[in-house]
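Quick notes on the structure that follows.
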Amino acid sequence: MKSFITTLFFAILTSPPAFSLEWDTRIPATFKIFMENTLHELYTMEGRQNSPLHQAIFQGPSHGKTYQKWLNKRIQKISLSTNCNVAAHIDSEGPPGILYISKCSNLNPTSDDKAYWLSIFIHEARHLESHQQFWKHSVCTDDLGSIMACDHSPLGAFGAEKVWAKNLLMSCHNCSPEILTQLEKIYEDQTVWNKLMPPAQSQLRSDAK
Ligand SMILES: [Zn+2]
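When we follow the numbering used here, the leftmost residue of the sequence shown carries the number 1145, and every step to the right adds one.
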């Protein structure tokens, strides 16, 4: 009996992580497997950086457990979207907790795309906060006059991506060099910085150094 309990105990310890996410059956299995593995990698990252903006957004240090709790609280289901203008989005008027992945996204990602997709999950999870008016973007224009989505606050969805990447970069001690390089790219990505208003940019730049 004792050995049965021991076996059971180890079986539970070594079984694959339980995911509370519900997946639309139209999402290709390749993408689902990629994303579950990538989320599992995130949830096992160990860091302890917690800048003021990180604490304000994630309510905890840059540790996998913080992100697991935070994402699970916001995203319940992954659905497929026919909107080809964005990689992913939410529907503030639809049922809560659904992240829509565009059918036009590359749903056959490689290991080079891990931090990219995680940043999308972080971004959209921030938008799923209904009590904060979904952190809706403001309208702004770029140098050429094209209309863009921008944030005045460093705490919005764009800021959340930067704060997440930066705090992990600063203290993750078990992250692979591969994922650290990808996180660096997410942090440096100028197209996202351009969508943050100058005051938000400087708050983000001085938040974690
Ligand atoms: Zn957004």
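Every residue gets a Cβ at the ideal spot worked out from N, C-alpha and C, and that includes glycine.
Within a Cβ cutoff of 8 Å, which residues of the same chain sit near Trp1261, ignoring the five residues on either side of it in sequence?
Taken in chain order, the residues that qualify are Phe1178, Met1179, Thr1182, Pro1253.
Which runs of the beta strand (DSSP E) at least 3 residues long sit entirely within the stretch 1220-1244? Give them in chain order.
Along the stretch 1220-1244, the beta strand (DSSP E) occurs as fully enclosed runs of 3 or more residues at 1221-1225, listed in sequence order.
If you follow the beta strand (DSSP E) that Ile1291 is in, where does it begin and where does it stop?
Start and end: 1291-1294.
Would you identify the three-state DSSP class for Ser1159, choosing helix, strand or coil?
Residue placement at Ser1159 is poorly supported in this model, since its pLDDT is 47, which falls under 50; the coordinates are not used for a value here.
Separation of Leu1197 from Ile1156, as counted between CA atoms:
Confidence is the limiting factor: at Ile1156 the pLDDT is only 49, short of 50, which leaves the residue's position unreliable and the question unanswerable from this model.
Using the three-state DSSP reduction, which class does Glu1166 fall into: helix, strand or coil?
Of the three classes helix, strand and coil, the one that applies to Glu1166 here is strand, per DSSP.
At a cut-off of 8 Å, is Phe1202 close to ligand 1 when judged by its beta-carbon and the heavy atoms of the ligand?
Result no, Cβ not under 8 Å from ligand 1.
Just to confirm the assignment, what range does the alpha helix (DSSP H) spanning Ser1263 have?
Residues 1258-1271.
With burial defined as no fewer than 16 other Cβ atoms inside 10 Å of the residue's Cβ, what is the status of Val1099: buried or exposed?
Beyond the ends of the chain as shown, which are 1145 and 1353, falls residue 1099; an answer cannot be given.
Going by C-alpha distance, which of Glu1185, His1271, Ile1264, Leu1327 is nearest Glu1237?
Considering only alpha carbons, the answer is His1271.
Would you call Pro1321 buried or exposed, if buried means 16 or more other Cβ atoms sit within 10 Å of its Cβ?
By the 16-neighbour rule on beta-carbons within 10 angstroms, Pro1321 is exposed.
Tell me which same chain residues have a C-beta within less than 8 Å of the C-beta of Asn1338, skipping the five on either side of it?
Hits under 8 Å: Asp1286, Met1292.
Ligand 1 heavy atoms versus the CB of Glu1180: any closer than 8 Å?
Every heavy atom of ligand 1 is 8 Å or more from the Cβ of Glu1180, so no.
Is the beta carbon of Ala1293 within less than 8 Å of some heavy atom of ligand 1?
Yes.
For ligand 2, I want to know if Ala1269 counts as a neighbour, meaning its beta carbon is within less than 8 Å of at least one of the ligand's heavy atoms.
With respect to ligand 2, the structure shown offers nothing to examine, as its ligands consist of ligand 1.
Can you name, in chain order, every residue of its own chain whose Cβ lies under 6 Å from the Cβ of Glu1268, other than the five neighbours on each side?
Answer for Glu1268: Ala1232, Ile1234, Leu1243, listed in chain order.
Can you have a look at Pro1298 and say buried or exposed, based on whether 16 or more other CB atoms are within 10 angstroms of its CB?
That one is buried.
Write down the C-beta distance between Arg1192 and His1207 rounded to the nearest angstrom, noting that I regard them as a contact closer than 8 Å.
So it is a contact: roughly 7 Å between Cβ atoms.
I think Ser1274 touches Pro1240, with their Cβ atoms under 8 Å apart; what is that distance to the nearest whole Å?
So it is a contact: roughly 6 Å between Cβ atoms.
Short check: CB of Ala1301 to CB of Ile1266, under 9 Å?
Against a cut-off of 9 Å, the Cβ pair of Ile1266 and Ala1301 comes out as a contact.
Report, in whole angstroms, the separation of the C-beta atoms of Thr1169 and Leu1251, which I expect to be a contact under 8 Å.
Not quite, the Cβ-Cβ distance comes to about 14 Å (not below 8 Å), so this is no contact.
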